[in-house]
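What follows is a short report on a single structure.
Residue numbers (my numbering), protein chains in the order written: chain A, 1245 to 1325; chain B, -15 to 355.
As structure tokens, then:
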């Protein structure tokens, strides 16, 4: 059986990369407003934590898909250990 | 105080080179973290401080990038079977107690001996831990490499549990035994708690708990190196998330700095995690050992500076102090780049071999079908 041609997830990558770019744009376009709220302390502490989770989801997927699109992937498991 | 910090956070004007630098160092730090479970903080925090970021904001912002990075890295490594979630959570929770205790000790030293005393304490902790654990890990890595070169060893032999681990497996304390899938054995949580505690204590002291966490999982619990480094990411996630919340509660997190580092570090952490699929366990030990020994030199260089600031030795020439400080930072950065170089080298070699193997596989299966 010949090796299957693996389709690269270009579309999905572009979607996540687009969302990530928008998030970074918003972060820096409104940096003074954001920093003002995010450094107020007390219950405002949820804001940076929540932001980190959102970025980790979108940018985490972007970077995962980026390396797949580029063609750098994990080693295929073959041998039984 | 609160207002001063808020003002300081808002006043940092990010230059273009600041942004590029944070993304780049974030990438290299992420690469190392994805591979060995931790790393980068020892270069990132002083770098941010040199940009004019107040120390506590630098620490808080670094932590705010660390936990999402660790989360992404842990999820990736879990796909490769490199994460023992149960062990990571138990170690992570006990590490929290270690962080609180470590921070308390730090505050006490700072109150009694001032900044120089606190810095000296941190440097001595670095030198002791890295000098003992680091050299041991490096020696072990070299031994495993030599073993393989001579054709004597296999992967399973290399990752054989230590005598301490074997002993722990035999001790049965009713009501405290937990089964860990990474070692397929039951171990009392009374043994894992001190390890987690020490990891947290070190994280609060030198900012890199993994220098204790990973070796303790390998040598005391008998966890294979690849799983130990993957599990460390779970511990780092727990410690980082709680730590970020604590700092953010006082308003110390500069989200722009954290997200800029994250921008580079998530590219790195994915690549580092992929890199672990191409190497054997000893490579984790080698990279970790190399970093630890180089940082040992870096911190050792600073000891005379702090001793002179405390007045325990005769005062040093300011030029000499500045030279030592700069050299120490450069050596820190060198540690990170040497580690990144080893990871890249292995990754490129691994990918090249994998591609060659796939071509051979395809050719072989085509040959079979034509027959």
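Don't be surprised by glycine CBs; every beta carbon is placed ideally from N, CA and C.
Alpha carbons only, please: which of the options is nearest the one belonging to residue i?
i, options, result
"residue 81(B)", "162(B), 212(B) and 182(B)", "182(B)"
"residue 49(B)", "353(B), 188(B), 23(B) and 107(B)", "23(B)"
"residue 21(B)", "201(B), 110(B), 282(B) and 114(B)", "201(B)"
"residue 106(B)", "152(B), 41(B) and 286(B)", "286(B)"
"residue 1253(A)", "1318(A), 1320(A), 1266(A) and 1310(A)", "1310(A)"
"residue 249(B)", "16(B), 113(B), -3(B) and 330(B)", "16(B)"
"residue 233(B)", "36(B), 40(B), 205(B) and 103(B)", "40(B)"
"residue 281(B)", "339(B), 214(B), 325(B) and 111(B)", "111(B)"
"residue 2(B)", "25(B), 13(B) and 34(B)", "34(B)"
"residue 219(B)", "31(B), 294(B), 70(B) and 308(B)", "70(B)"
"residue 56(B)", "309(B), 235(B), 119(B) and 216(B)", "216(B)"
"residue 272(B)", "93(B), 154(B) and 197(B)", "197(B)"
"residue 54(B)", "151(B), 221(B) and 126(B)", "221(B)"
"residue 153(B)", "134(B), 133(B) and 174(B)", "174(B)"
"residue 151(B)", "117(B), 124(B) and 205(B)", "205(B)"
"residue 166(B)", "180(B), 65(B), 29(B) and 32(B)", "65(B)"
"residue 235(B)", "1308(A), 1319(A), 1302(A) and 1284(A)", "1284(A)"
"residue 1273(A)", "11(B), 104(B) and -2(B)", "-2(B)"
Using the rule of at least 16 other Cβ atoms within 10 Å of the residue's Cβ for burial, across every protein chain shown, is residue i buried or exposed?
i, result
"residue 353(B)", "exposed"
"residue 303(B)", "exposed"
"residue 254(B)", "buried"
"residue 176(B)", "buried"
"residue 262(B)", "buried"
"residue 347(B)", "exposed"
"residue 238(B)", "buried"
"residue 306(B)", "exposed"
"residue 283(B)", "buried"
"residue 163(B)", "exposed"
"residue 301(B)", "exposed"
"residue 190(B)", "buried"
"residue 52(B)", "buried"
"residue 140(B)", "Annotation note: pLDDT 48 at residue 140(B) (below 50); position unreliable, no value reported."
"residue 325(B)", "exposed"
"residue 0(B)", "exposed"
"residue 343(B)", "exposed"
"residue 168(B)", "exposed"
"residue 95(B)", "exposed"
"residue 339(B)", "exposed"
"residue 331(B)", "buried"
"residue 252(B)", "buried"
"residue 130(B)", "exposed"
"residue 31(B)", "buried"
"residue 1270(A)", "exposed"
"residue 133(B)", "exposed"
From residue i to residue j, what distance separates their C-alpha atoms?
i, j, result
"residue 1306(A)", "residue 276(B)", "32 Å"
"residue 337(B)", "residue 350(B)", "20 Å"
"residue 1286(A)", "residue 46(B)", "20 Å"
"residue 1278(A)", "residue 192(B)", "29 Å"
"residue 115(B)", "residue 319(B)", "15 Å"
"residue 322(B)", "residue 274(B)", "8 Å"
"residue 258(B)", "residue 158(B)", "40 Å"
"residue 144(B)", "residue 345(B)", "32 Å"
"residue 27(B)", "residue 146(B)", "33 Å"
"residue 1317(A)", "residue 67(B)", "19 Å"
"residue 1315(A)", "residue 161(B)", "44 Å"
"residue 1263(A)", "residue 1297(A)", "14 Å"
"residue 149(B)", "residue 172(B)", "12 Å"
"residue 224(B)", "residue 13(B)", "15 Å"
"residue 88(B)", "residue 328(B)", "39 Å"
"residue 178(B)", "residue 121(B)", "20 Å"
"residue 1300(A)", "residue 194(B)", "21 Å"
"residue 127(B)", "residue 188(B)", "32 Å"
"residue 333(B)", "residue 256(B)", "14 Å"
Please list the terminal residues of the continuous alpha helix (DSSP H) segment that includes residue i.
i, result
"residue 3(B)", "0 to 20"
"residue 1254(A)", "1254 to 1273"
"residue 171(B)", "Looking at the DSSP string, residue 171(B) is not in any alpha helix (DSSP H); the run it does join, the beta strand (DSSP E), is 169 to 172."
"residue 373(B)", "Only positions -15 to 355 of chain B appear in the structure, and residue 373(B) is not among them; the question remains open."
"residue 203(B)", "194 to 203"
"residue 34(B)", "25 to 34"
"residue 1301(A)", "1290 to 1314"
"residue 219(B)", "209 to 233"
Within the continuous beta strand (DSSP E) that includes residue i, where are the two ends?
i, result
"residue 267(B)", "Counting along the chain, residue 267(B) falls outside any beta strand (DSSP E), though it belongs to the alpha helix (DSSP H) covering 265 to 293."
"residue 164(B)", "161 to 164"
* Asked: Can at least three beta-carbon pairs, one atom from the region 1282 to 1292 of chain A and one from the region 225 to 232 of chain B, be found at a separation below 8 Å?
  -> Contact holds: three or more Cβ-Cβ distances are below 8 Å.
* Check whether the region -1 to 9 of chain B touches the region 300 to 314 of chain B, counting contact only when three or more Cβ pairs, one atom from each stretch, lie closer than 8 Å. => no
* To do: Determine contact between the region 287 to 296 of chain B and the region 56 to 67 of chain B, defined as no fewer than three beta-carbon pairs at a distance below 8 Å.
  => no
* Do the region 68 to 87 of chain B and the region 189 to 206 of chain B make contact, defined as three or more Cβ pairs closer than 8 Å? -> Because the criterion of three Cβ pairs below 8 Å is met, the region 68 to 87 of chain B and the region 189 to 206 of chain B touch.
* To do: Decide yes or no for the touch test of the region 208 to 220 of chain B against the region 265 to 275 of chain B: beta carbon pairs closer than 8 Å, at least 3 of them.
  => Counting Cβ pairs under 8 Å, three or more are found: they touch.
* Count the CB pairs spanning the region 95 to 114 of chain B and the region 239 to 248 of chain B that are closer than 8 Å, and state whether there are at least three. => no
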